[in-house]
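Below is one structure; the comments refer to it alone.
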Amino acid sequence: MDNVSSPPVYLRFIKFSILLIFAIPSTFCSIYIIYSSIRYPSIRQHFYYETLIFLSFLVLLKLIFNISVSLSYYARGYILPQTVSFCHFWQYVDYTSNGCIIWCNAIFTIERYILVFYPHYLRSKRQKLILHYLPIFISNLYLIIFYIYSILIFPCENSNEYDRELCGNACIDASWSLSTFDWLFNLLLPIFVIIFGSSILLLRVIWARRKMQRNLRNWSKNWKMIVQLLGIALMYTIVWLPLSVVSLIATFTSSQSLESIDENYLYYLTYLADLSIPIITFIFAPEINHRIRRGQVQPTPTCMASGKTN
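Structure representation (structure tokens):
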């Protein structure tokens, strides 16, 4: 994307305003979700919240180390500090946070499907280790190592452009094979899992709705999990589907106009999709948000079943 110019002032102002509108509630929701998970053990006892809590933590890290820099760039029109090391840091944080959040969402999608239709596969500690903790740990570790090599170690002669977002091209963009693998495997594959998996889950729930509604307690819990997933999946579909199509065409045709649309408009929307995760989690997580609505802590069914009543 060497010939892609920096965005005009009006576009930076629009991006700054929209990003700030999303960043403020996302920060509040992320902090409150993490605080609630630490403060109230009853929330941690709900296994199906663990991935959402971890996703909120990843989004909070992205807000601190990535979104804050983007807001500074949109406000000024240039990068500060203007050093090679800072550009590499920003690029690394951006690529890694994107990959980790997307892969965790893909794992979250698969987990929701298992929890709704095959909950017995996630009951024992060994099953949770194999199907929940190891996939999250391995995928995040892989992405951290991959981007350390492809952005910080991989040799390239890219010149940093301090008036462009992410300082222009990262070193990974200097290698067609490396950047194509990153785009297809690290991004498009989990995006496909999110969109396709959510669609299959929704269709199967509609098909088996009457049977599932016979058990009202399980139906209520499953429906909450489904709504949380579909809210996130809808945002990712709206943002990533056009981005994926345009980027694939640009990758194989070397179209500068498509690359400009990709960088100046579509890639920016991925920030909004990520920032929406804590907001959606907060809205559709009654075990968390009822403490704000009612201003007090109330016993959950889990606590009551274990005899933790007043």
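For the sequence shown, the positions run 1 to 310 when our numbering is used. For glycine and all other residues, C-beta sits at the position ideal for the given N, C-alpha and C.
Excluding five sequence positions before and after residue 37, the CB atoms of its chain that fall closer than 7 Å to its own CB belong to 43, 44 and 53, given in chain order.
By alpha-carbon distance to residue 66, the top candidate from 290, 286 and 274 is 274.
About 20 Å separates the beta carbons of residue 112 and residue 241, which is beyond the 8 Å limit, so they are not a contact pair.
By a beta-carbon distance limit of 8 Å, residue 178 contacts residue 154. Their separation comes to about 7 Å.
A direct Cα-to-Cα measurement between residue 248 and residue 121 gives close to 37 Å.
Counting along the chain, no alpha helix (DSSP H) covers residue 264, and no H or E run does either.
With fewer than 16 other Cβ atoms inside 10 Å of its own Cβ, residue 75 counts as exposed. CA-CA distance, residue 21 to residue 55, rounds to 20 Å. For residue 197, the enclosing alpha helix (DSSP H) has its first and last residue at 189-207.
Excluding its 5 nearest sequence neighbours in each direction, residue 23 has C-beta neighbours in its own chain below 8 Å: 63, 67, 71 and 275, listed in chain order. Residue 256 counts as exposed, since fewer than 16 other C-beta atoms from the protein chains shown sit within 10 angstroms of its C-beta.
Cβ-Cβ distances below 6 Å link residue 97 to 62 and 66 in the same chain, with the five nearest sequence neighbours on each side left out; the list follows chain order. Listed in chain order, the alpha helix (DSSP H) runs fully inside the stretch 34-82 are 41-44, 50-62 and 68-76, counting runs of at least 4 residues.
Residue nearest to residue 187 within the set 243, 162, 81 and 226 is 243 (criterion: CA-CA distance).
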